[in-house]
Amino acid sequence: MLKNGVRLAFGTDYSVEPISPFRGLYACVTRERPEGGPRKGWEAQEKISLEDCIRAYTSGSAYAQFEEGKKGELKLGEYADFLILSDDLTKIPPSQYTKVRVLRTVVGGRTVHQAN
Numbered sequence: 146m147l148k149n150g151v152r153l154a155f156g157t158d159y160s161v162e163p164i165s166p167f168r169g170l171y172a173c174v175t176r177e178r179p180e181g182g183p184r185k186g187w188e189a190q191e192k193i194s195l196e197d198c199i200r201a202y203t204s205g206s207a208y209a210q211f212e213e214g215k216k217g218e219l220k221l222g223e224y225a226d227f228l229i230l231s232d233d234l235t236k237i238p239p240s241q242y243t244k245v246r247v248l249r250t251v252v253g254g255r256t257v258h259q260a261n
């Protein structure tokens with residue numbers, strides 16, 4: 146779909162899966178569960194880059210909610226919603242994604258969560 150210009154929008158599969166978006170990122174780039182399987186992955190040819198996965202979770206989801214231009218990107222005039230993570234996802238292997246911790250959550254420019 147991505148190759149055909151379809152704009153992807155991702156979210157967690159909560160309540161049938163844990164709410165962690167890091168599990169979703171892992172599945173997106175590997176087409177497997179973090180705990181292993183399925184053997185050879187789900188439709189392995191559908192793996193996409195971490196950058197495209199993050200875009201689908203952020204600006205793609207905003208687009209699906211008809212909220213593009215308001216949220217989904219860090220731009221002047223848009224809500225300042227973002228996370229500060231313990232690790233740079235672009236510098237670690239996918240096998241480490243589920244070990245990443247959220248250090249701070251900012252919503253509307255205000256800190257709503259701060260890790261100890």
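In the numbering used here, the protein residues as written are 146 to 261. We treat Cβ as the ideally placed atom computed from N, Cα and C, and that holds for glycine.
Margin query: Among the candidates E223, A209, K215, whose CA atom is the shortest distance from the CA of V151?
Written below: A209
Notebook entry, point to check: Measuring CB to CB, does L153 end up less than 8 Å from A201?
Noted result: It is a contact, given that the beta carbons lie within the stated cut-off.
Notebook entry, point to check: By Cβ distance, which residues of its chain are closer than 8 Å to L234, with the 5 residues on each side in sequence left out?
Noted result: L170, L195, I199, Y242, V245
Check: How big is the Cα-Cα spacing for S240 and V174?
Finding: Linking S240 to V174 through their CA atoms gives a straight-line distance of about 10 Å.
Notebook entry, point to check: With distances taken from CA atoms, which of S204, E191, A225, I229 is nearest R176?
Noted result: E191
Checklist line | Residue nearest to L147 in terms of C-alpha spacing, selected from L219, T250, I193 | finding: I193
Next item on the list: Please classify T203: does DSSP put it in a helix, a strand, or coil?
Entry: helix
Check: With 16 as the cutoff for other CB atoms within 10 Å, does A260 come out buried or exposed?
Finding: exposed
Notebook entry, point to check: For E213, which residues from the same chain have a beta carbon less than 7 Å from its beta carbon, with the 5 sequence-adjacent residues on both sides left out?
Noted result: S204, A207, listed in sequence order.
Margin query: Output needed for R168: all residues of its chain with C-beta closer than 7 Å, excluding positions within five of it in sequence on either side, in chain order.
Written below: E162, P179, T243
Note to self: With a threshold of 8 Å on Cβ separation, who are the neighbours of G217 within its own chain once the five nearest residues in sequence on each side are excluded?
What the structure shows: T203, S204, G205, S206, A207, Y208, E223
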